Amino acid sequence: MILVYVTFPDAVQAKRISEILLQKKLVACAVQMPVQSSYWWQGEIAEDDEIVVLFKSRADLQPQIEKAIEAEHPYDVPCIITMQAQANAAYLDWINQETAQ
Numbered sequence: 240m241i242l243v244y245v246t247f248p249d250a251v252q253a254k255r256i257s258e259i260l261l262q263k264k265l266v267a268c269a270v271q272m273p274v275q276s277s278y279w280w281q282g283e284i285a286e287d288d289e290i291v292v293l294f295k296s297r298a299d300l301q302p303q304i305e306k307a308i309e310a311e312h313p314y315d316v317p318c319i320i321t322m323q324a325q326a327n328a329a330y331l332d333w334i335n336q337e338t339a340q
């Protein structure tokens, strides 16, 4: 199982790309959370309200997930961080059932 952490400029973009990934069965779940981000951008510290989406999926789908996000994401440099994760057997079974085989 993987968790894919991605930041978006607003809830509209987060929901739009989440729906694309869900429709393509690349992810089983997309959890959206509002955050305040501070970061370096073009030589200055920037601060923005953003939406973090935590996508839940299978490790073998990671390249397709990343490619789909990059194709649709509005940022010049999208944040796409993939983490290996473990979960209870029933949850893993659900992820496997709900993603593309």
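For what it's worth, the working numbering labels the leading residue of the sequence shown as 240, then goes sequentially.
Every residue gets a Cβ at the ideal spot worked out from N, C-alpha and C, and that includes glycine.
Given the structure is predicted, the values throughout are model-derived calculations rather than measurements.
Going by beta-carbon coordinates alone, are residue i and residue j separated by less than 9 Å?
i    : j    : result
I241 : A298 : yes
K295 : A324 : yes
I319 : V266 : no
So, at 7 Å on beta carbons, what are the nonlocal neighbours of residue i in its own chain, with the 5 sequence-adjacent residues on each side left out?
i    : result
P273 : D288 and I290
E311 : I256 and I259
A253 : F247, Q271, I290 and V292
L331 : M240
Alpha carbons only, please: which of the options is nearest the one belonging to residue i?
i    : options                   : result
Q275 : E286, Y314, A269 and G282 : E286
E337 : P313, A250, F247 and K263 : K263
C268 : E305, V292, S277 and D315 : V292
V245 : A307, G282 and I284       : A307
Y278 : Q271, P313, A250 and P317 : P317
D315 : Q281, L261 and A326       : Q281
Looking only at its chain, what residues have a beta carbon closer than 8 Å to the beta carbon of residue i, apart from the 5 residues adjacent to it on each side?
i    : result
Q301 : I241, V243 and T321
W333 : A267
A326 : M240 and I334
I284 : S277 and Y278
Along the chain, which unbroken stretches of the alpha helix (DSSP H) at least 4 residues long are found entirely within the segment 279-321?
Unbroken alpha helix (DSSP H) runs of no fewer than 4 residues, entirely contained in the segment 279-321, are found at 301-311, following chain order.
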